[in-house]
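Shown next, in structure tokens, is the structure this report addresses.
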Amino acid sequence: MAVVELDKVSKRYGDVVAVQDFNLTTSDGEFVVLVGPSGCGKTTTMRMIAGLELITQGSIKIGGRDVAGMIPRERDVAMVFQNYALFPHMNVFGNMAFGLRLRKLPKAQIENQVQRAAKILGIENLLNRKPKELSGGQRQRVALGRAIVREPQVFLMDEPLSNIDAKLRVEMRGEIIKLQRRLGVTTFYVTHDQVEAMSMGDRVVVMLDGRIQQVGTPRELYRKPTNRYVAGFIGSPAMNFVRAHVGEDGTVSAGDDFRLFPPGSVMEGVRKLGLAEVWVGVRPEHLKIRREGEPASKNVIRGTVEVVEPQGSTTLIQLNACGDLRVNALLEEQLEPAVGARLDLWVGDDAVYVFNPGTDERIQ
Amino acid sequence: MLIACAGAVWVIIPFLWAINNSLKTHADIFKPHAIIPFLQFTPTLDAWNFVLGDPQVLNCLFSSTLVSVGTTLLVLLIGTPAAYSLARFEFRRMKSRDITLWFLSQRVLPPVVVLVPFYILLAQLGLVDTWTGLILLYSTFNLAFCVVIMRDIFRDVSKEVEEAARIEGASLWQIFWMIALPLSLDGLIVTAFIVFAFSWNEALFASAVTSQHAATMPAFILASRSTRGVDFNFAAVNTILAIAPPVILSFFVQRYLARGLSFGAVKG
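Each protein sequence line maps, in turn, to chains H and C. Whatever position you read off the first sequence (first residue = 1), add 4 for the numbering used here. Whatever position you read off the second sequence (first residue = 1), add 763 for the numbering used here.
As structure tokens, this is what we get:
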């Protein structure tokens, strides 16, 4: 268990910047998820913490010790790899005991620790098998077992669930969270799946092009994204973005069928920046149908239904507004409007996000 | 199928000829009026008895074994770490790919070209007609082969597995010994076998730099002409003796050969 501090950590390969000014201090036992598209630097960041990659600039401290010049062994971290990276020529016991044997621990203690870790993960009966005799889920457990058996200060997990089928993934997700809570070990978890990031992390770090876009709890990222990228990345289906004119009357509109009133404070910000056009963002799940007879909301999105995707308890529809705008709406009702039907949607004021088109930052 | 059969016959006839002749007397080999020379003779083990009773033959067999095994061990000892470092690390002055290519270029050179220089070198070192001299000589040729093949095989070992070992606390040597080498065992066995066979079969240099003490079987066979011309029955026995060890060995390594000879293209 340890606090991990990354201070202005950068990594360059020649002229290519992989990670730039990564600042983050974890609390002890925190579960931090690094999320972003492939090539955003999340894995590189993790490998720098592990010591598999040297840092170009900045400093990394684990438990107060500066580990920049240390080899992985001295850092006391454990890593779970995307493709498990088990030692194929050793059985499960050998895999889990590998690190302990290298540390020349007494045999009885190794046996003890491996048994205990195996019990936690429910793989006691697999200890004599070779990795190739295991299923994907079992291999995953062994990889986790190898990580926890040494009781390291930090866990590093590099997309550990991406090779497992969807059903098992949800199950393992829960298990990893439980395991982490139980052991209380500071954990870095890399994924490109925002759902995984949102459901697992105490805090989530959203990265793009080697830079941190935002750090926050899942709720903060969802409610208060700092920029258009984070807003679009977090949440599924993704937020709708519409380029809209700023009106004199405090509206943002892209035609008669798309006219929204963002909160007054936001419009004040827009006026201060002197913007004539902005990006407007609305989450599909915040859109509601205006039923007949209900009073018209001032926030109007009107259009014809183009695609209907029933998803069980919810229905995803794609609306065509103002001729060329596509707006997705996730409706809670199990209703299936006919394709081609006209539909009136509305949204609450505080669910309308406005972004500066020059910087893509959210205007608050 | 037909072509395969034809190929098999083509390859096997010299062996049959050797076995056949080894069971004949000198007179039977040159029997002028035999209608079916392959069958019309009285089988005898005289040639075998004579050859196996000759201390010079036994000495040559011993030399061959010692030199081949010695070469194989030396080549693997030096070659595998070199191959591993070329597979995993980049060096400052030269790309490891270029270094590998340089190694490979050593195999392109016709061996005869360096025959005389090597002889002079060995003579100056006082290593002519010694086992040590031959082992050093053969290692020079086979090292390149070992490095090139083993580099390819090591490159197929999953990098992540090695990184996992590193995180678990293994040093580079420990990774090499405990991870890379065991995972490349198939390739290592095949490489060892090929180096062994090369050294065992080498005749040109063996004839040139040995005479009595360190002469190997191929050198002995090349030199085995008596005053009566070639004694075909003795030559046949010698040939079989010379061929046997690599052939027998190849049965044991057969299951690795097919995989190994694809030069690491298929993961072992």
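Glycine included, each C-beta is placed from N, C-alpha and C at the ideal position. Please read these numbers as outputs of a predicted model, since none were measured by experiment.
Runs of the alpha helix (DSSP H) spanning 4 or more residues and lying entirely within the stretch 887 to 963 of chain C occur at 894 to 918, 922 to 931 and 935 to 938, in chain order. The three-state secondary structure of ILE367(H), taken from DSSP, is coil. Beta-bridge partners assigned by DSSP to GLU9(H): THR29(H) and LYS65(H). Only VAL81, ALA82, MET83, PHE85, ASN87, ALA89, PHE91, PRO92 and HIS93 from the stretch 80 to 99 of chain H bring a Cβ to less than 7 Å from some Cβ of chain C. Apart from sequence neighbours up to five positions away, the residues of its chain that approach ASP364(H) with a beta-carbon distance below 6 Å are ASN231 and ARG232, ordered along the chain. Using beta-carbon distances, VAL924(C) counts as an interface residue toward chain H, with a partner under 8 Å. For ASN231(H), there is no enclosing beta strand (DSSP E), since its DSSP letter is neither H nor E. In the structure shown, the three-state DSSP call for HIS93(H) is coil. DSSP links THR190(H) through a beta bridge to VAL158(H). In the three-state reduction of the DSSP assignment, MET857(C) falls in the coil class. Of the candidates PHE961(C), ARG918(C), LEU944(C) and ALA886(C), the residue whose Cα lies closest to the Cα of ARG870(C) is PHE961(C). Against chain C, the beta carbon of GLY103(H) has neighbours under 7 Å at GLU931 and GLY932, listed in chain order.
A distance below 7 Å between beta-carbons, with the five flanking residues on each side excluded, links LEU906(C) to the following residues of its chain, in chain order: VAL838, ILE841 and GLY842. In the DSSP annotation of this structure, the continuous segment of the beta strand (DSSP E) that includes MET211(H) starts and ends at 207 to 212. Under the three-state reduction of DSSP, PRO41(H) is assigned to coil, being neither helix nor strand. Between the alpha carbons of VAL879(C) and LEU864(C) lies a gap of roughly 25 Å. By the criterion of at least three beta-carbon pairs nearer than 8 Å, the stretch 196 to 208 of chain H is not in contact with the stretch 329 to 336 of chain H. Residues of the same chain with a CB within less than 7 Å of the CB of HIS789(C), apart from the 5 flanking positions on each side, are ASP994 and ASN996 in chain order. With at least 16 other beta carbons inside 10 angstroms of its own, ARG263(H) counts as buried. Our two residues, ALA6(H) and MET50(H), have alpha carbons roughly 16 Å apart in a direct line. In the structure shown, ASP791(C) adopts helical secondary structure according to DSSP, grouped into three states. For chain C, the residues of the stretch 47 to 78 of chain H that bring a beta carbon within less than 7 Å of one of its beta carbons are ALA54, LEU56, PRO76 and ARG77, in chain order. Under the three-state reduction of DSSP output, THR834(C) falls in the helix class. In its chain, beyond the 5 residues on either side, GLY259 have a beta carbon closer than 8 Å to the beta carbon of GLY327(H).
Among the residues of the stretch 943 to 973 of chain C, those with a Cβ less than 7 Å away from any Cβ of chain H are PRO945 and LEU946, in the order of the chain. Against ALA927(C), the close residues of chain H are MET83, PHE85, ALA89, LEU90, PHE91 and ARG150, in the order they occur along the chain (beta-carbon pairs closer than 8 Å). Three or more pairs of CB atoms, one per stretch, sit closer than 8 Å, so the stretch 940 to 951 of chain C contacts the stretch 910 to 924 of chain C. Between LEU125(H) and LEU148(H), the gap from beta carbon to beta carbon is short of 8 Å. Taking 8 Å as the cut-off, the Cβ atoms of THR308(H) and ALA345(H) count as close. Annotation: GLU336(H) is outside any alpha helix (DSSP H) and is labelled neither H nor E by DSSP. Across the structure, GLY67(H) and PHE159(H) are spaced so that their CA atoms are roughly 13 Å apart. Counting only Cβ-Cβ distances below 9 Å, LEU106(H) has contacts in chain C at ALA928, GLU931, GLY932, ALA933, SER934, GLN937 and MET941, in chain order.
In the three-state reduction of the DSSP assignment, MET204(H) falls in the helix class.
The stretch 98 to 128 of chain H contains, as complete alpha helix (DSSP H) runs of 4+ residues, the segments 111 to 125 (chain order). ILE1011(C) is classed as exposed because its beta carbon has fewer than 16 other beta carbons within 10 Å across all chains shown.
In this structure, PHE866(C) lies near VAL911(C), with their beta-carbon atoms less than 8 Å apart.
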